[in-house]
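A.B. asks:
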């Protein structure tokens, strides 16, 4: 059987491989036809050389030219939408509509165009000029970026087209994309669209490269390599922490999105007033996309009151009545069962689910757990086990103090939500709980479920460890996400003609610059 | 003998100690009278509790109030300048003038006042408002900060008064200062001035705390503790990397300044035209402060030409003729001898020095080494051994290509300098070498020695690993340095009255805000 080629140094070429793999259709559990190579170090080494070479050119390339590439890529994606959506459907079992064709694909091209606009304006570089000392500084490209994409967004977080890709390229870095093994075909189509756009807009050949898979050791070798500037990773905590350890040891920046249970607190006043509507809203958010969002509400904190049992009962019925979706892969199914086993062993009570799902292919019954605050506090670490998929845990605190204690034990998360009404009691509870939750999450929400991550400059899709590796950076939101793939560069007494254009006195671009303390 | 007290939870109290130590006068090698405790975990644990408690208040405290504290502290330092300078002179042997009294102390109070201005304006928070999505974001305090200060700046980088302290406090975090063991008395005086100012301006009692020393394990435990937000460290590479490993493993941000040889390239055209002046400039920069600056020029790259030997000869004579200064401590003397031994074993040729110094107390003869580019390239890693002190290595490349290869092997550094004249040859050489050097340093200089770090918003006192732990942050320059001690916080649909003041619609402060894509 012939193997799919890797994209290295501007060529779709045969891999120097150590093994092969195939993707599966999660809805049928059948292997898809195409065979993909597991790359040896030789592939990676060649890609790193080509990336280093491309970087020499790319970092001197104007933002306008980089923007042209990103826009041409977005256009290519639109022109090839049908094939992309069909391949992604086969590889992920995500619905075509409303999801792949009309939500995720437009989001992906939108991100690429926002990144293009950021590259064009140059604002992300934050240029600062100190005339008296003749020192100038700005952020600049950091060097070749390795991107490891997750399984759950075949387009929007794809290593060859998603948020990390767009941010890394817009900041002036070549990208080596490592496909997610569950959707290599989609990634290949995107890399083709990217490469074609890079050629038609005159980018250096090594601007975008693609390998499908390596063993773990080689992944670790990649992220520590001296030719690499930084790494973006979205995926499981285990694999991510192994890469983090390697990169940290070599002093190479790595930005990870690892795991998050996204606590949602519903205060008693609102729960009493709107119990049914809240049950509907929560069940909808939790089961959407079969619960396979990074911001899925995996942990709900209630304070015992008149409506607590009614809410749990209502959600249970909705979970039981809702169709069971197909999970992204056998690995997700296996991992979800494993998490359920851990939680049950730790003492959670099953409201519904945990068994085999009634849907197509890989699936697990919609699952709701509950536990008392007291029991939760006996082993908070285990209780925060992420159950990635259509599953959630409701913690019933006996009072506000216990709820505060529960939030006090939370690990870092991407999001935290608090629902409340206008009563004095809810407001007082909010004032007590919000400061605790605030320091533990990247994004604090009011009266809103965390699923749904707007591509907004005010977005923080990040948060304290172990949600990510550093609480100062966001993976979504432009221009903020570009800064991850940049280094701070100061120019001291550098002659005018040798300065980057954006720091020159006669700069005529549109970027806002801080000149002698004044923005202009 | 009675022991000096630690400052924990607003009290100067007896340490729970595991041992004691005394500082030395480096000029006489005699122990100073005061005895300081080596703190047990109990001291640290109590300080962490108090810091966590202080943080609850401090992070809700206005920038204006924090600014008042920083300014009162600066005033206290000025009022106590005489005692501070005398203590620092005893503990470091640095000259009173021109250094401690008229350079470093004013720099320190200047930094505190700049940090106060930053706290007042709030610009560092980079507030962003997206009205359509009702999402808002800004940087906010990260939590209690541990500061480990270096030996070489008893005031300006002191853990209880220097750049990291000022940045951490201005961003709204309490500080636990770990004194540098070579100047505990100076640190105590500064912590007293800080604490008194914190009391007179109504800061929470745990805002500033002081311990003098711990063993390494306890240091590692500190930086990983769940109560800690982040750590700032300036010092030796070995101790810094141990702390980095611990902090990285716990996902706690740590900002380190570790080591740097600060390469200086002098191109042949300029060397020929200005050989004597360059020798004088280089010798002055290299021997200033007995070479004990983070940005000391420890490695010079020349391209073989008519003036190469004359320059080396001239510098050698200047090194031999210059007075030998006293080093900061016996440890610095020992470490300098050790570095010299490593370099000599690797084959460098001694132009002068390496022996006992003719100065007072701890000292080593002014030392100049040389080596050919070819020999350098056989073991570039060893050749970049930092020899902290009055010592430098000149590498003579046979041509431009070899000089490029040498720069290509450089580790990350704080600074890199290129001297050139207006000739076509120098300009062409610059165009070849500068892009290589640019990616490896935080600050690129033209025609200027790297010593001298202006406290400028355009300064980058940082650089790629192993100069620091992350190339995106600066330790000097306000407001940039504050961002290290902040986390990004997004507010999604949060009710108006619950937003931080700086994100509210009726905000009346002076911070620049990005509102719906427009700065205002």
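Chains as they are written, first to last, in our numbering: chain A, 334 to 853; chain B, 334 to 853. Think of the CB as a built atom: it goes at the ideal place given N, C-alpha and C, for glycine as much as any other residue. These numbers were taken from a predicted model, which means no experiment stands behind them.
In angstroms with no decimal places, state the Cα-to-Cα distance between residue 564 of chain A and residue 496 of chain A.
C.D. replies: Numbered from its first residue, the first chain carries residue 564 of chain A at position 231. Numbered from its first residue, the first chain carries residue 496 of chain A at position 163. Computed Cα separation, rounded: 13 Å.
A.B. asks: Can you give me the start and stop residues for the beta strand (DSSP E) that residue 665 of chain A sits inside?
C.D. replies: Here residue 665 of chain A refers to the residue found at position 332 when the first chain is read from its first residue. Counting along the chain, residue 665 of chain A falls outside any beta strand (DSSP E), though it belongs to the alpha helix (DSSP H) covering 663-678.
A.B. asks: According to the Cβ coordinates, are residue 582 of chain A and residue 484 of chain A closer than 9 Å?
C.D. replies: One-based indexing of the first chain puts residue 582 of chain A at position 249. One-based indexing of the first chain puts residue 484 of chain A at position 151. Contact: no.
A.B. asks: With respect to the beta strand (DSSP E) encompassing residue 344 of chain B, which residues constitute its N-terminal and C-terminal limits?
C.D. replies: Taking the first residue of the second chain as position 1, residue 344 of chain B is located at position 11. 344-346 is the span of the beta strand (DSSP E), which, as asked, contains residue 344 of chain B.
A.B. asks: Rounding to the nearest angstrom, what Cα-Cα distance links residue 856 of chain B and residue 459 of chain B in this structure?
C.D. replies: Residue 856 of chain B lies beyond the residue range present for chain B, which begins at 334 and ends at 853; the question has no answer from this structure.
A.B. asks: Check the Cβ of residue 626 of chain B against every Cβ in chain A and list those closer than 7 Å, keeping chain order.
C.D. replies: In the second chain, counting from the first residue as 1, residue 626 of chain B sits at position 293. The contacting residues do not exist; residue 626 of chain B stays about 15 Å from chain A at best.
A.B. asks: Can you tell me whether residue 764 of chain A is buried or exposed, with buried defined as 16 or more other CB within 10 angstroms of its CB?
C.D. replies: Here residue 764 of chain A is taken as the residue at index 431 of the first chain, counted from 1. Under this definition residue 764 of chain A is an exposed residue.
A.B. asks: Pick from B:536, B:694, B:775 and B:791: whose alpha carbon is nearest that of residue 392 of chain B?
C.D. replies: Locating residue 392 of chain B in the second chain gives position 59, where the first residue counts as 1. Among B:536, B:694, B:775 and B:791, the Cα nearest to that of residue 392 of chain B belongs to B:536.
A.B. asks: At least one CB of chain A closer than 9 Å to the CB of residue 772 of chain B: is that the case?
C.D. replies: Indexing the second chain from 1 puts residue 772 of chain B at position 439. So, interface residue.
A.B. asks: Residues of chain B with a CB under 7 Å from the CB of residue 802 of chain A: which are they?
C.D. replies: In the first chain, residue 802 of chain A corresponds to position 469, counting from 1. By Cβ distance, chain B contributes 584.
A.B. asks: So, does the CB of residue 827 of chain B fall closer than 9 Å to a CB anywhere in chain A?
C.D. replies: Here residue 827 of chain B corresponds to residue number 494 of the second chain, with the count starting at 1. It does; some Cβ of chain A falls within 9 Å.
A.B. asks: Specify the secondary structure class of residue 438 of chain A as computed by DSSP and reduced to three states.
C.D. replies: One-based indexing of the first chain puts residue 438 of chain A at position 105. In this structure, residue 438 of chain A counts as helix in the three-state DSSP scheme.
A.B. asks: What are the boundary residues of the beta strand (DSSP E) that residue 591 of chain A is part of?
C.D. replies: Walking along the first chain from the start, residue 591 of chain A turns up at place 258. Segment: none, residue 591 of chain A is in no beta strand (DSSP E) and carries neither H nor E.
A.B. asks: On a Cα-Cα basis, can you pick out the residue from A:761, A:753, A:637 and A:842 that is closest to residue 704 of chain A?
C.D. replies: For the purposes of this step, residue 704 of chain A is taken as the residue at position 371 of the first chain. It is A:637 whose Cα lies nearest to the Cα of residue 704 of chain A.
A.B. asks: Just to make sure I have the definition right: I need the residues of chain B whose C-beta is within less than 7 Å of the C-beta of residue 463 of chain A. Which are they?
C.D. replies: As a position in the first chain, residue 463 of chain A is number 130, starting the count at 1. In chain order: 789, 790 and 791.
A.B. asks: Check whether chain A comes within 9 Å of residue 820 of chain B, counting only Cβ atoms and requiring the distance to be less than that.
C.D. replies: On the second chain, residue 820 of chain B is found 487 positions in, with the first residue counted as 1. For residue 820 of chain B, the answer is yes, since a Cβ of chain A falls inside 9 Å of its Cβ.
A.B. asks: Assign residue 630 of chain A to one of two classes, buried (16 or more other C-beta atoms within 10 Å of its C-beta) or exposed (fewer than that).
C.D. replies: As a working note, residue 630 of chain A is residue 297 in the first chain. The residue in question, residue 630 of chain A, is buried, as its Cβ has 16 or more Cβ neighbours within 10 Å.
A.B. asks: Taking the continuous beta strand (DSSP E) assigned at residue 377 of chain B, which residues delimit it?
C.D. replies: Position 44 of the second chain, counted from the first residue, corresponds to residue 377 of chain B. No beta strand (DSSP E) contains residue 377 of chain B, which is instead part of the alpha helix (DSSP H) from 374-391.
A.B. asks: List the residues of chain B whose Cβ lies closer than 8 Å to the Cβ of residue 845 of chain A, in chain order.
C.D. replies: On the first chain, residue 845 of chain A is found 512 positions in, with the first residue counted as 1. The contacting residues are 852.
A.B. asks: List the residues that DSSP assigns as beta-bridge partners of residue 548 of chain B.
C.D. replies: In the second chain, counting from the first residue as 1, residue 548 of chain B sits at position 215. Note: residue 548 of chain B sits in no beta bridge, so no partner.
A.B. asks: Shortest alpha-carbon distance to residue 426 of chain B belongs to which of B:487, B:352 and B:340?
C.D. replies: Residue numbering aside, residue 426 of chain B sits at position 93 when the second chain is read from its first letter. Measuring from the Cα of residue 426 of chain B, the nearest candidate turns out to be B:487.
A.B. asks: Strictly below 8 Å CB to CB, what residues from chain B border residue 806 of chain A?
C.D. replies: The sequence position of residue 806 of chain A within the first chain is 473, counting from 1. What residue 806 of chain A touches in chain B: 821.
A.B. asks: Quick one: which chain A residues come within Cβ less than 8 Å of residue 798 of chain B?
C.D. replies: Start at 1 with the first residue of the second chain, and residue 798 of chain B comes out as number 465. Within 8 Å Cβ-Cβ: 583, 584 and 585.
A.B. asks: Between the beta-carbon of residue 517 of chain B and the beta-carbon of residue 762 of chain B, is there less than 9 Å?
C.D. replies: For this step, residue 517 of chain B is matched to residue 184 along the second chain. For this step, residue 762 of chain B is matched to residue 429 along the second chain. Taking 9 Å as the Cβ cut-off, residue 517 of chain B and residue 762 of chain B do not qualify as a contacting pair.
A.B. asks: Tell me whether residue 608 of chain A sits in a helix, a strand or coil according to DSSP, three-state version.
C.D. replies: To locate residue 608 of chain A, count along the first chain from 1; it is residue 275. Of the three classes helix, strand and coil, the one that applies to residue 608 of chain A here is helix, per DSSP.
A.B. asks: Residue 846 of chain B: which of B:694, B:430, B:470 and B:445 sits nearest, CA to CA?
C.D. replies: Against the second chain, residue 846 of chain B aligns to sequence position 513. The option with the nearest alpha carbon to residue 846 of chain B is B:470.
A.B. asks: Taking the alpha-carbon positions, what's the residue 482 of chain B to residue 648 of chain A distance?
C.D. replies: Locating residue 482 of chain B in the second chain gives position 149, where the first residue counts as 1. Locating residue 648 of chain A in the first chain gives position 315, where the first residue counts as 1. Residue 482 of chain B and residue 648 of chain A: Cα-Cα distance of roughly 54 Å.
A.B. asks: What residue range is occupied by the uninterrupted beta strand (DSSP E) comprising residue 565 of chain B?
C.D. replies: Translated into positions along the second chain, residue 565 of chain B becomes position 232. Here the beta strand (DSSP E) through residue 565 of chain B covers 563-567.
A.B. asks: For the 8 Å Cβ check, are there 3 or more pairs between the region 717-730 of chain B and the region 654-666 of chain B?
C.D. replies: The region 717-730 of chain B, when compared against the region 654-666 of chain B, does touch it at the 8 Å Cβ threshold.
A.B. asks: Secondary structure at residue 687 of chain B, three-state DSSP: helix, strand or coil?
C.D. replies: In the second chain, counting from the first residue as 1, residue 687 of chain B sits at position 354. In the structure shown, residue 687 of chain B sits in coil (DSSP, three-state: anything other than H, G, I, E or B).
A.B. asks: Can you tell me the Cα-Cα spacing of residue 550 of chain B and residue 619 of chain B, whole angstroms?
C.D. replies: Your numbering for residue 550 of chain B matches position 217 in the second chain. Your numbering for residue 619 of chain B matches position 286 in the second chain. Distance between the alpha carbons of residue 550 of chain B and residue 619 of chain B is about 35 Å.
A.B. asks: Once you ignore the five residues that flank residue 547 of chain B on each side, which residues in its own chain have a CB closer than 6 Å to its CB?
C.D. replies: Position 214 of the second chain holds residue 547 of chain B. Cβ within range, chain order: 372.
A.B. asks: If contact is defined by three or more beta carbon pairs under 8 Å, each pair taking one atom from either stretch, is the region 673-689 of chain B in contact with the region 598-612 of chain B?
C.D. replies: In short, these stretches do not touch, since the Cβ pair count stays below three.
A.B. asks: Mind checking if residue 777 of chain A is an interface residue toward chain B, Cβ cutoff 9 Å exclusive?
C.D. replies: Here residue 777 of chain A corresponds to residue number 444 of the first chain, with the count starting at 1. With 9 Å as the cut-off, residue 777 of chain A counts as an interface residue toward chain B.
A.B. asks: Is it buried or exposed, residue 804 of chain A, if we count other Cβ atoms within 10 angstroms and call 16 or more buried?
C.D. replies: Against the first chain, residue 804 of chain A aligns to sequence position 471. The residue is buried, with at least 16 neighbouring Cβ atoms inside 10 Å.
A.B. asks: Compute the Euclidean distance between the alpha carbons of residue 571 of chain A and residue 714 of chain A, then round it to the nearest angstrom.
C.D. replies: In the first chain, residue 571 of chain A corresponds to position 238, counting from 1. In the first chain, residue 714 of chain A corresponds to position 381, counting from 1. If you take the alpha carbons of residue 571 of chain A and residue 714 of chain A, they lie about 16 Å apart.
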